[in-house]
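Undergrad:
In the numbering used here, the protein residues as written are 26 to 125.
So, in structure tokens, the structure goes:
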């Protein structure tokens, strides 16, 4: 009987430790994601929000929207290329032509 109780106690201990470790890993991942999000928001506010607004809706006829932009959704690499290289000339976003 003592052997069974010891085995059950050991199993419970291992399960508890596994749970605590996994919670620690999940908390770390969550914190890491929050920090990445905060960094991205800071960069957006510094480099993009002036023209595209803090909500990403842009200014109709002047600055294209980033939020729900068909232009960006057509090619997921576009946003990276625009950030690295910029963009100029005429483009159509959500049916509206932008020049600049």
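Where is the CB? At the ideal position from N, CA and C, for every residue including glycine.
Computed from a predicted model, the values in this text were never measured in an experiment.
Can you check whether the CB of residue 119 is closer than 8 Å to the CB of residue 95?
TA: yes
Undergrad: Determine the extent of the beta strand (DSSP E) in which residue 118 is found, giving its start and end residues.
TA: 115-118
Undergrad: Quick one: what's got a C-beta closer than 6 Å to residue 89's C-beta in the same chain, skipping five residues either side?
TA: 83, 118, 123
Undergrad: Who does residue 122 pair with in a DSSP beta bridge?
TA: 117
Undergrad: Take residue 85 and list the residues in its own chain whose beta-carbon comes closer than 8 Å to its own, dropping the five residues that flank it on each side.
TA: 121
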